[in-house]
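Notes follow once the structure below has been shown.
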Amino acid sequence: MKRALRFSGIILLLLSLWVSIIYIADIAGGARYYYFWFTIQLILSGIALTLLAESRTERA
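Heads up, the final residue of the sequence shown is numbered 50 in the numbering used here, and it's a clean run with no missing numbers.
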């Protein structure tokens, strides 16, 4: 279970990084919808960090 939580957290962090690249490109392109990407990035980062923290504290 610990391994699955860690794997899920790392995948979500990578997805969050990808979304942050889209967010920066959206700002550079002058689009108006960058708040949407920022919100998605915050949610993904929060879930990923929670999963990673849970994988470290879980006792098997």
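Glycine included, every Cβ here is placed at the ideal spot set by N, Cα and C.
Since we're looking at a predicted model, the values are computed, not measured.
Under 8 Å between the Cβ atoms of L41 and L2? One-based indexing of the sequence shown puts residue 41 at position 51. One-based indexing of the sequence shown puts residue 2 at position 12. Yes, they are a contact pair.
Just checking my contact of K(-8) with S45 at CB under 8 Å: how many whole Å lie between their CB atoms? The residue labelled residue -8 in the question sits at position 2 within the sequence shown. The residue labelled residue 45 in the question sits at position 55 within the sequence shown. Confirmed, Cβ separation roughly 5 Å.
Which listed residue (I30, R(-4), I37, L(-5)) has its alpha carbon closest to that of I11: Residue numbering aside, residue 11 sits at position 21 when the sequence shown is read from its first letter. If we check each option's Cα against that of I11, I30 comes out closest.
Note the first and the last residue of the continuous alpha helix (DSSP H) segment covering A(-6). Counting from 1 along the sequence shown, the entry for residue -6 is found at position 4. -8 to 18 is the extent of the alpha helix (DSSP H) around A(-6).
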